[in-house]
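Everything in the sequence shown is counted per my numbering, starting at 4 for the first residue and increasing by one. For reference, the structure is listed below as C-alpha cells.
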Amino acid sequence: MIRFFNDLTMRKEDFVPIEPGKVRMYACGPTVYNFIHVGNARPLIMFDVLRRYLEYRGYDVTFVQNFTDVDDKIINRSREEGISAAEVAEKYIGEYWTDAHGLGVKDATVHPRATENITQIIALVQTLIDKGYAYEVRGDVYYRTLKFKDYGKLSHQNLDDLQAGARIDVSDLKENPMDFALWKAAKPGEPAWPSPWGMGRPGWHIECSAMCNRYLGKTLDIHAGGQDLIFPHHENEIAQSEAANGCEFVHYWLHNGFINIDNKKMSKSLGNFFTVREAANAYGYDSIRMFMLMSHYRSPLNYSVEILEQTKSALERLRTAKENLDFFAENGKEGDLAAAERTFVDGLGKYRDRFVTAMDDDFNTADAVSVIFEMVRDINAAVSPAADPTKALAEGCRAMFLELCGVLGIPFGQCADLNIEIEKKIAARQTARKAKNWAEADRIRDELKAEGIVLEDTPQGIKWHRA
C-alpha cells in the first residue's frame, strides 16, 4: 500500500485514489521570467519521480503542470529586456524545456498556460462573485477571505496568525487586508483581456484553480509543489476552488523541502541561487537529478560543490555497473543460465521488493537509491571476468538494474554518444595491435587514459571503465 505524508492532515495516509486505477495529479510549474534555478528543479524532479512510480505501480496518471505566463515578474522583465511580456514568456518557456529535458523530466500530460485559460478564469471569478465570496472594486476583484470558514487549514494557522505573519498587499480598496486579488484592473503597458469588470488580467492564485478545474475536475487526488507555496498560494487555491465548487479540492497535498545554501533557502529574491544551466555546465544535468534523488523529498537539502562531486561519483558507479553488464551481455558465454546463475537472478527479486517498500513509504527515493547500490555490489561480484558469466546472466541482471533505475529516471542515455566514440577508439587500437603498430596502439591507450578511460584485458575481450 502506497502511503503519503499529507500536509493537509500532517500525517502519513494510505493512498486511495478517487477512481480506482487512475490518478489526477497537479504540480505547480514555473513563472517563466528567468532561467530556473536549482531550487526550482527539486519539485520538477521529485514529482516527476512520483508520477513515474505511480505509473510503475500500474496507475493511469493524468499529470498537469502549468506555466504561469502572465505575472508582475514577467512584466518587469519585459521592461528590462525591451520586449513584450508574451515574448519574455515564450523565451523562458523554451529555456525551461531545455533544462527540464536535460534533467530527465518527462513532459506532463498537459502543460497549460494561464493565458490560454482566460475564459475559464473569468468564469470562475464570476462564480465566486455570484456566491458572495468575491467582490469588485474599480475593475479589481478580490476574494473575501473571512467568508471562507476553513481558511488556514493547509498552513494550520488561523486567520489572525496568518494576517500577523504575512506580507500583505494593503489596499484601501479591500474590505480586509487578507483579501487577495482574483482579477487586476489593467494598467498602461501591461497585458490585459476584456472581462465583465473591464480590461485586466488574472491574479496568480486563480490561474491554478481554473486550470485544475478544467483539466482534472473539481477534486484532485494529488496536488504538489514546493514548501514555500503552502501559504499563500495553495491556501488560496483551496479557498477559491472549494468555495466555487462546494466540494473538497484535493485529497493529498505533497510539498518538497527547500534547497539551502549556508542554511538559507535558495531563492532569486535572496540572490543566493545557481541556475540549473550553470550547475549543468559544471556537473551535468544527470548529476543534478541524482543529487535530488539521494535525499527524501520533504527533507531540507544543502547545496554544495562537495556534495555535487560526491553525487557525480555515485552516478559514475552506476554507469560503470551498466557498462559492465552491457559488456558481458555482448561478450559472455553462450548458453542458458547455469543453476547457480538462475538462483542469483531469481534472488534479485528481493531488491525489487525492498525498492517498492521504500517507495511506498512516502516515495523515499533516498532509501530506494541505497537499495540499488546494494544490488549493484552483488551484481558486480557475480558478473565479472573471474566469474566467467553467461550472456543470459548479464542480461537478467541488466533487466532488473534498468527496471529500478528507470523508475527513478536515473539517466544513462546522455553518455551513449560518448560510449560510441570510446568503442570506436578501442576498435582502432585493436586494429593497430593486430597490425603490430604498437606506437599507434599505445597512443590510443594514452589518449583514452587522458580522457579518464581505463582499459582492461579480460578473457572475454577488452573491457573499459571510467577512472
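Ideal placement from N, C-alpha and C gives every residue a C-beta, glycine not left out. The structure displayed is predicted, hence computed values, not measured ones.
Could you spell out the range, first to last residue, of the alpha helix (DSSP H) harbouring residue i?
i           : result
residue 370 : 368-385
residue 213 : 207-219
residue 348 : 342-350
residue 336 : Per DSSP, residue 336 belongs to no alpha helix (DSSP H) and is neither H nor E.
residue 14  : Per DSSP, residue 14 belongs to no alpha helix (DSSP H); it is in the beta strand (DSSP E), 14-17.
residue 186 : Residue 186 -> not in any alpha helix (DSSP H); beta strand (DSSP E) instead, spanning 183-188.
residue 128 : 121-133
residue 284 : 279-286
residue 249 : Unbroken run through residue 249: none, as it is neither H nor E.
residue 81  : 75-84
residue 404 : 394-411
Where does residue i fall in DSSP's three states?
i           : result
residue 159 : coil
residue 360 : helix
residue 176 : coil
residue 467 : strand
residue 223 : strand
residue 100 : helix
residue 441 : helix
residue 323 : helix
residue 417 : Caution applies to residue 417, whose pLDDT of 47 falls short of 50 and renders its modelled position unreliable; the value that the coordinates give is listed next. Three-state result, residue 417: helix.
residue 108 : coil
residue 113 : strand
How is the beta strand (DSSP E) around residue i delimited, first residue to last?
i           : result
residue 28  : 25-30
residue 65  : 63-68
residue 237 : Neither: residue 237 is in no beta strand (DSSP E) and is coded neither H nor E.
residue 45  : It is not in any beta strand (DSSP E) - residue 45 instead sits in the alpha helix (DSSP H) that spans 41-59.
residue 258 : 253-259
residue 140 : 137-140
residue 6   : 6-9
residue 143 : 143-146
residue 263 : 262-264
Could you tell me the distance, in whole angstroms, from the CA atom of residue i to the CA atom of residue j?
i           : j           : result
residue 284 : residue 100 : 16 Å
residue 350 : residue 341 : 14 Å
residue 140 : residue 243 : 18 Å
residue 207 : residue 74  : 7 Å
residue 126 : residue 150 : 20 Å
residue 375 : residue 354 : 7 Å
residue 5   : residue 445 : 55 Å
residue 210 : residue 452 : 54 Å
residue 19  : residue 27  : 12 Å
residue 220 : residue 253 : 10 Å
residue 338 : residue 392 : 10 Å
residue 115 : residue 214 : 7 Å
residue 428 : residue 371 : 36 Å
residue 493 : residue 84  : The shown model of the chain, from 4 to 470, leaves out residue 493, and the question about it has no answer.
residue 235 : residue 216 : 19 Å
residue 41  : residue 183 : 29 Å
residue 348 : residue 381 : 11 Å
residue 133 : residue 245 : 14 Å
residue 15  : residue 257 : 11 Å
residue 188 : residue 177 : 14 Å
residue 72  : residue 319 : 38 Å
residue 430 : residue 424 : 10 Å
residue 175 : residue 202 : 21 Å
residue 200 : residue 89  : 23 Å
residue 13  : residue 82  : 43 Å
residue 473 : residue 70  : Beyond the ends of the chain as shown, which are 4 and 470, falls residue 473; an answer cannot be given.
residue 67  : residue 11  : 20 Å
residue 388 : residue 360 : 33 Å
Report all residues from its chain with a CB closer than 7 Å to the CB of residue i; omit the five preceding and five following residues, and keep chain order.
i           : result
residue 48  : 106, 108, 292 and 295
residue 412 : 51, 52, 55, 107 and 292
residue 362 : 56 and 371
Note down, in chain order, each residue of its chain lying with its Cβ closer than 6 Å to the Cβ of residue i, except the 5 sequence neighbours on either side.
i           : result
residue 59  : 410
residue 476 : Residue 476 lies beyond the residue range present for the chain, which begins at 4 and ends at 470; the question has no answer from this structure.
residue 263 : 303 and 305
residue 163 : none
When we look at the beta-carbon of residue i and count the other beta-carbons within 10 Å, is it buried (16 or more) or exposed?
i           : result
residue 238 : buried
residue 442 : exposed
residue 395 : buried
residue 308 : exposed
residue 225 : buried
residue 31  : buried
residue 457 : exposed
residue 250 : exposed
residue 17  : exposed
residue 104 : exposed
Between which residues of its own chain and residue i is the CB-CB distance below 8 Å, once the five residues before and five after are set aside?
i           : result
residue 137 : 128, 131, 144, 145, 146, 147 and 185
residue 420 : In this predicted model, residue 420 has a pLDDT of only 47, less than 50, meaning its place in the structure is not dependable; the value taken from the coordinates is given anyway. So no residue of the chain qualifies.
residue 401 : 325, 328, 329 and 332
residue 232 : 31 and 258
For the ligand ZN, I want to know if residue i counts as a neighbour, meaning its beta carbon is within less than 6 Å of at least one of the ligand's heavy atoms.
i          : result
residue 34 : Among the ligands in the structure shown, none appear at all, so the ligand ZN cannot be discussed.
Of all the CB atoms in chain C, is at least one closer than 7 Å to the CB of residue i?
i           : result
residue 184 : In summary, chain C is missing from the structure at hand, where a single protein chain is found.
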